Structures are given as C-alpha cells and as structure tokens.
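Residue numbers (our numbering): 4 to 152.
Yeah, the Cβ is synthetic: ideal placement off N, Cα and C, and Gly gets one too.
Fair warning: this is a prediction, and the values are worked out from it, not measured in the lab.
This report concerns only the one structure given below.
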Ligand SMILES: CC(C)(COP(=O)(O)OP(=O)(O)OC[C@H]1O[C@@H](n2cnc3c(N)ncnc32)[C@H](O)[C@@H]1OP(=O)(O)O)[C@@H](O)C(=O)NCCC(=O)NCCS
C-alpha cells in the first residue's frame with residue numbers, strides 16, 4: 004500500500020537513498036534541497052513501508068513542466084508506483100497552468116521509455132552523447148496535458 008504526497012524537508016534523506024539506488028550519477032543532497040526550495044518545483048513522494056519508496060521532481064516554467072528525475076526503489080518496481088507519481092504530477096502541473104510535460108531519458112532506458120509511452124509521450128528530439136557514466140544519447144520526450152477547467 005502506498006500513499007502519494009508532496010515532499011517535505013524531512014523526506015530529503017529518503018530521496019537521497021532513492022537517488023543512490025536508481026542512478027549512476029545520483030543528485031547530491033544539496034541539489035535535492037535546492038529543488039525542494041525552488042518555488043517553480045514540484046516534488047512528490049510515494050510513501051510505503053518504512054519511508055519513501057519513490058519520488059518525482061519537476062519544475063514548471065511558463066506552460067511547460069520539465070521532469071528532472073523519477074525513481075522507484077528496486078523492491079517496489081512494477082507495482083504502479085511511478086505511474087501514481089506521474090498521475091499526481093500531471094494534476095499538480097495542470098493546476099500551475101502547464102500545458103506540456105517534457106523530459107530527457109537515456110536512449111537505452113527501456114523501462115522508462117515504456118512507462119512514458121504508456122502516458123502518451125512522443126519523441127521530440129535527441130541530444131547526442133548527453134549523458135556520462137556511461138556516455139549515451141538522450142531522447143527528448145514531450146506530451147500535451149489537459150488544462151484544469
Ligand atoms: C522507470 C521506473 C521509474 C518505473 O517505475 P515503476 O514503479 O516500476 O513503474 P510502474 O510500475 O508504474 O510501471 C508503469 C509501466 O511502465 C512500464 N514498465 C515499467 N517497468 C518496466 C520493465 N521493467 N519492463 C518493461 N516495462 C516496464 C510498463 O509499461 C508498466 O506498465 P505495466 O506494469 O502495466 O506493464 C523504475 O524502473 C526506475 O526507478 N528505474 C530507475 C530510474 C530511472 O530510470 N528513472 C527514469 C529516468 S528518465
């Protein structure tokens with residue numbers, strides 16, 4: 004059983020653990036603090052078990068919401084956690100008048116590409132050798148979201 008909630012300062016240690024578990028170049032605690040403290044940011048966590056098991060971080064600028072990071076602890080994957088985080092992000096981003104979601108993803112990240120495909124994202128471009136450790140292209144994805152009436 005998970006619950007979806009806005010992240011607070013007390014979630015930073017759990018978010019760091021998720022970053023370490025999910026990425027070869029995890030965000031530092033300082034970067035996560037800055038994301039949480041930015042008025043343009045949306046940071047949402049999934050709580051389950053003893054703490055946060057997944058999170059999504061994004062920023063809204065004008066009509067675009069850019070997803071910076073999404074990660075779920077390995078033991079909690081394939082149980083709808085990322086889908087629940089994305090669904091909540093979409094509703095919060097529309098409240099902030101965003102009309103599009105966008106993101107960059109490693110070209111080889113099949114799990115993430117499948118997740119985004121399910122949410123209707125389409126390829127909008129590619130950045131050559133964008134990532135390091137290992138070096139890899141980024142695929143730029145974008146999807147239109149509906150405004151709240
Ligand atoms: C990508 C990630 C966030 C998905 O999280 P998740 O909670 O397992 O995703 P969900 O359970 O909500 O899955 C939703 C859909 O995504 C796709 N998907 C997720 N994991 C998949 C896998 N291992 N293989 C194939 N498709 C997968 C499926 O379409 C799935 O729907 P289904 O279960 O009905 O088939 C997770 O694997 C993760 O944290 N990966 C490491 C970090 C990362 O790569 N983040 C993305 C950076 S852009």
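Closest by C-alpha distance to residue 76, out of 113, 54, 90, 67, is 54. Closest by C-alpha distance to residue 133, out of 149, 120, 24, 106, is 106. The beta carbons of residue 102 and residue 124 sit no closer together than 7 Å.
Under the 8 Å Cβ criterion, the region 93-101 does not count as touching the region 109-116, having fewer than three qualifying pairs.
For the options 147, 130, 146, the alpha carbon positioned closest to that of residue 139 is the one of 130. Residue environment: residue 22 is assigned as buried (16 or more neighbouring CB atoms within 10 Å of its CB, all protein chains considered). Per DSSP, residue 7 lies in no alpha helix (DSSP H) segment; the continuous beta strand (DSSP E) that holds it begins and ends at 6-9. Between residue 63 and residue 79, the gap from beta carbon to beta carbon reaches 7 Å or more.
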